[in-house]
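In UniProt numbering, the protein residues as written are 1 to 369. For each residue, glycine too, the CB sits at the ideal point set by N, CA and C. Read the structure below first, then the notes.
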């Protein structure tokens, strides 16, 4: 498998499959990244201080049962993959269930000011998208809580029926809650979006299971079908990328099967962590609003200018490129539809120093020589 890894960079890649079953795939991933998974669980304050104590209460049992039953029924193979990951890494299954369903659980936690401050600072992301005659690309900042620094990895999975995928993966979570692509020429990046509590339905399909399913989509229409067919609890924003048709769609979703689709054209499109076109009640997030407003002021005429937006630190309180103390930009993913490459940049994307480059259209996704 060809991927360039530069000296001093921490992002590791593991090739797995084809496997006899999903449990085995998960177990091999868990074994390979046991230390990262254990380290992430130990540092995750939301898990340790909020999710695990909540899971021991009577109040939590109906919610956890509904999440377990509904997701295991719809996606038995991905459920087995999750169980295998727990077995392989030697961590409690409950811990991995809780981090994979964090977005579906946090709204039901007992309300305290400390909890709100911790949970609100879990993840953010920014995307710049364009499809013009001269440029077609999606550039994505993967922003997350400090607990994830050093606790992510790349999975290159080959399925038993032939297709393969590459997925940026949070330790202990299903591939991928962030970004990935497959051998059908379908890629995606993801943005969390915060609907209000009234918009959230308990016990629905988990976003991590939907995005895991997208890694097996045959094209952009199949990806939309997979998104539509999942009765989710909470909202999400999907940026779907189809190499074969040179198309990018921004898809905003929320509970009760509500969905809005916008095709990206020659006008550059910036998406942070807020709904832009789906009518839904949402939390007013100052961080996301500030990034959206800042991006609107910056030039967007070239690849270099796109990456300068994602590397912008002008707003000291709410920068687009985040360096702590709570939120960090873990990496930047750049999907170039014309070159048909994915470049992963660890460090400020203004420098354009990629640690990994994949040719998405080539067999085995080999890197440029």
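Inter-residue CB distance, residue i and residue j (contact presumed, cutoff 8 Å)
i: residue 128; j: residue 358; result: At roughly 20 Å, the Cβ-Cβ gap does not stay under 8 Å, so residue 128 and residue 358 are not in contact.
i: residue 175; j: residue 200; result: With a Cβ gap of about 25 Å, residue 175 and residue 200 do not count as contacting.
i: residue 111; j: residue 185; result: That belief does not hold up - the Cβ atoms of residue 111 and residue 185 are roughly 45 Å apart, past 8 Å.
i: residue 37; j: residue 206; result: With 8 Å as the limit, residue 37 and residue 206 do not qualify as a contact, their Cβ atoms being about 18 Å apart.
i: residue 81; j: residue 25; result: 6 Å
i: residue 139; j: residue 332; result: 7 Å
i: residue 345; j: residue 339; result: In fact, because the Cβ distance is near 15 Å, the residues do not count as touching under 8 Å.
i: residue 289; j: residue 131; result: At roughly 26 Å, the Cβ-Cβ gap does not stay under 8 Å, so residue 289 and residue 131 are not in contact.
i: residue 11; j: residue 152; result: 7 Å
i: residue 195; j: residue 235; result: 5 Å
i: residue 169; j: residue 179; result: Rounded, the Cβ-Cβ distance is 10 Å, inconsistent with contact.
i: residue 191; j: residue 273; result: 6 Å
i: residue 325; j: residue 146; result: 7 Å
Pair within 7 Å by beta-carbon distance, residue i and residue j
i: residue 104; j: residue 211; result: no
i: residue 321; j: residue 311; result: yes
i: residue 281; j: residue 275; result: no
i: residue 360; j: residue 337; result: no
i: residue 84; j: residue 27; result: yes
i: residue 202; j: residue 63; result: yes
i: residue 294; j: residue 126; result: no
i: residue 265; j: residue 231; result: no
i: residue 67; j: residue 33; result: no
i: residue 308; j: residue 363; result: no
i: residue 167; j: residue 215; result: yes
i: residue 240; j: residue 220; result: yes
i: residue 193; j: residue 134; result: no
i: residue 329; j: residue 141; result: yes
Residue i burial status per 10 Å Cβ neighbour count (16 or more: buried)
i: residue 277; result: exposed
i: residue 144; result: buried
i: residue 228; result: exposed
i: residue 114; result: Residue placement at residue 114 is flagged as unreliable, the pLDDT there being 48, under the threshold of 50; the coordinate-derived value follows with that caveat. Residue 114 comes out exposed.
i: residue 76; result: exposed
i: residue 198; result: exposed
i: residue 313; result: exposed
i: residue 296; result: exposed
i: residue 316; result: exposed
i: residue 40; result: buried
i: residue 225; result: exposed
i: residue 106; result: buried
i: residue 242; result: buried
i: residue 42; result: exposed
i: residue 302; result: exposed
i: residue 355; result: buried
i: residue 285; result: buried
Chain D contact for residue i (CB, 7 Å cutoff)
i: residue 35; result: Absent here is chain D; the protein component of the structure consists of one chain.
- Counting pairs of Cβ atoms below 8 Å between the stretch 197-216 and the stretch 253-273, do you hit three or more? Output reads yes: the stretch 253-273 touches the stretch 197-216.
- Message: Whether or not the stretch 47-65 and the stretch 157-170 are in contact is what I'm after, with contact meaning three or more pairs of Cβ atoms, one per stretch, closer than 8 Å; do they touch?
- Response: With a cut-off of 8 Å on Cβ pairs, the stretch 157-170 is not in contact with the stretch 47-65, counting fewer than three such pairs.
- Message: In chain order, what are the residue ranges of uninterrupted alpha helix (DSSP H) at least 4 long that sit wholly in the stretch 11-76?
- Response: Note on the stretch 11-76: whole alpha helix (DSSP H) runs with a minimum of 4 residues are 22-32, 34-43, 52-55 and 61-74, in chain order.
- Message: Report the start-end ranges of each beta strand (DSSP E) in the stretch 136-222 that is 3 residues or longer and not cut off at the edges.
- Response: The stretch 136-222 contains these whole beta strand (DSSP E) runs: 136-145, 152-158, 164-170, 179-182 and 186-192.
- Quick one: which unbroken beta strand (DSSP E) runs of 3-plus residues sit fully inside the stretch 294-356? Chain order, please. Assignment of beta strand (DSSP E) within the stretch 294-356, counting only whole runs of 3 or more residues, yields 327-336 and 341-345 in chain order.
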